[in-house]
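Residues in the sequence shown are numbered from 26 upward in steps of one, following this note's numbering.
Have a look at the structure below before the remarks.
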Amino acid sequence: VQEKENARQALERFLEWHTLDRAGRTPVASEHDFDVTLGAGPYEVRIRGSMDRVEQDPRGRAYVVDFKTGKQAPTAAEVAHHPQLAVYQLAVTEGAVDPLFDGVRPEPGGAELVHLRQPAPKKEGGDALPRVQHQPSPEGEWVGDLLATAAGKVLDERFTPTTGQHCAHCSFRSSCSAREEGRQVVE
C-alpha cells in the first residue's frame, strides 16, 4: 500500500513538473537512444544509452533531463560534477541529438536530475513538485578526464572501491575492502 502511494505521488509530481514553463524549454524527445564515440585522453570510448528526455531551450541549446525514482539524491556539489549528466552533455557535443535538431549540432545547455519520489523544497513548490537539481553546461576538461580515468581502469582491470556518501545505503558495506569492517585480515 505504501509503495502504491509513493508511485501515485511520483506520477502526480511528474505531471505537475511536466506542465511547468521550465525556463521556456520545449520537449524534443523522450527515451532518446544514442550511440557516440568520445575522445577521452588517449582512448576512444563508445557510449550507448538512452536520455530520458531532451528539451530545447530558447537559445536553441539541448537540455537533458534524467528522471530518478530513488530515495537518495546527490549533494549540490556532487550534481555539479555528476558523471551521468556530464556524459549526456558531452554526448550532445558529439552528435547524440543532432537528428532531433534537424541535423544541426546544438550546444549543450545544461542538464538536470528530477527526483520524482522526493518533494521540492517549499520555496520551489513543495510537496506537489519533484526535487530538481541542475547541472550547468560542463566547462573545462573534467568530463573527458573522468572518462579517460574510467577507461584506463577498465582496460587495466583496476576496480578499487572508494568510500563516499553512497556507503550509507550500499549492500556490500560489510564486505567492502575500502571500509574498515570489510577489510580481510590474514594471520
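Cβ coordinates follow ideal geometry from the N, Cα and C atoms, glycine included.
Q. Excluding the five sequence neighbours on either side, which residues of its own chain have a C-beta within less than 8 Å of the C-beta of S199, listed in chain order?
A. E206 and G207
**Q.** Beta-carbon contacts of L138 that lie in its chain and below 6 Å, excluding the five residues immediately before and after
**A.** D91, K93 and Q158
**Q.** Rounded C-alpha distance that separates S196 from A111
**A.** 26 Å
Q: Rank A54, G120, G189 and E56 by C-alpha distance to the C-alpha of T62 and give the top, closest one.
A: G120
(Q) Report the CB separation of Q114 from P163 in whole angstroms; it is logged as a contact under 8 Å. (A) 6 Å
Q: Assign V179 to buried or exposed, taking buried as 16 or more other Cβ atoms, counted over all protein chains shown, within 10 Å of its Cβ.
A: exposed
Q | Environment of L234 [buried if 16+ CB atoms lie within 10 Å] | A | One cannot answer for residue 234 here, as it falls past the ends of the chain, which runs 26 to 212.
Q) Can you tell me the Cα-Cα spacing of L172 and P133, whole angstroms? A) 18 Å
Q. Is the stretch 37-57 in contact with the stretch 77-89, if contact means three or more CB pairs nearer than 8 Å?
A. yes
Q. Under a Cβ-count criterion, where at least 16 other Cβ atoms within 10 Å of its own Cβ denotes burial, should L191 be classed as buried or exposed?
A. In the sequence as presented, Leu is not what sits at residue 191; that position holds His. Classification of H191: exposed, given that the 10 Å Cβ count is below 16.
(Q) With distance defined between alpha-carbon atoms, name the residue in D170, L141, A145 and A87 nearest to G135. (A) A87
Q | Unbroken alpha helix (DSSP H) run spanning L36, endpoints | A | Q27 to T44
Q. When the Cα atoms are used, what is the spatial distance from T118 to V26?
A. 44 Å
Q. Residue ranges of each alpha helix (DSSP H) run of no fewer than 4 residues wholly in the stretch 86-156, ordered along the chain?
A. 101-105 and 108-118
Q: Compare the C-alpha of Q81 against each of A32, R47 and Q160 and name the closest.
A: R47
Q: Could you tell me the distance, in whole angstroms, from the CA atom of G151 to the CA atom of P67?
A: 46 Å
Q.
Check for me: the beta strand (DSSP E) holding H57 runs from which residue to which?
A. T51 to A65
Q | Residues near R73 by beta carbon distance below 6 Å, same chain, minus five either side | A | D60
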